[in-house]
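Novice: For reference, the structure I am asking about is given below.
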Amino acid sequence: MSKERLTIEELTDKVLGKIRECKEGSGVSEISIYEIEGDRSDRNWGVTIVGAGRDELSAASRAAISAMLELGRRYDLLTDDRS
0 MSKERLTIEE LTDKVLGKIR ECKEGSGVSE ISIYEIEGDR SDRNWGVTIV GAGRDELSAA
60 SRAAISAMLE LGRRYDLLTD DRS
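All residue numbers for the sequence shown refer to numbering that gives the first Met the number 0, where the first residue is 0 and numbers rise by one.
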């Protein structure tokens with residue numbers, strides 16, 4: 000099954016929304032999506048938490064990993080080379 004390709008803005012919105020659905024991720028205010036090049040992963044993108052409460056970072060990281068694993072099966076990042 001091929002994955003739907005999303006722009007970085009579309010993917011950011013989906014991932015941030017999924018993170019915020021989790022109790023641990025409710026305090027996340029900002030994330031950054033980055034491209035993974037090569038065949039090191041089953042997805043071509045990753046996520047970094049940019050804004051979260053200081054005491055919530057560990058829990059927010061778990062929510063981000065969960066969102067990345069779930070959404071990574073359905074979506075790829077639309078890259079400049081369109082491949």
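For glycine and all other residues, C-beta sits at the position ideal for the given N, C-alpha and C.
According to DSSP, is I64 helix, strand or coil?
Specialist: The answer is helix: DSSP assigns I64 an H, G or I state.
Novice: For the putative contact between E23 and R73, defined by C-beta atoms under 8 angstroms, what is the C-beta separation to the nearest angstrom?
Specialist: Wrong, their Cβ atoms sit about 21 angstroms apart, outside the cutoff.
Novice: The beta strand (DSSP E) that contains R73, what's its start and end?
Specialist: Run containing R73: none; DSSP gives neither H nor E here.
Novice: What three-state label does DSSP hand R4 in the structure shown?
Specialist: Three-state DSSP puts R4 in a strand.
Novice: What number of angstroms, rounded off, separates the C-alpha of D12 from the C-alpha of D38?
Specialist: Near 25 angstroms, if we compare the C-alpha coordinates of D38 and D12.
Novice: If you follow the beta strand (DSSP E) that G50 is part of, which residue opens it and which one closes it?
Specialist: Counting along the chain, the beta strand (DSSP E) containing G50 begins and ends at W44 to G50.
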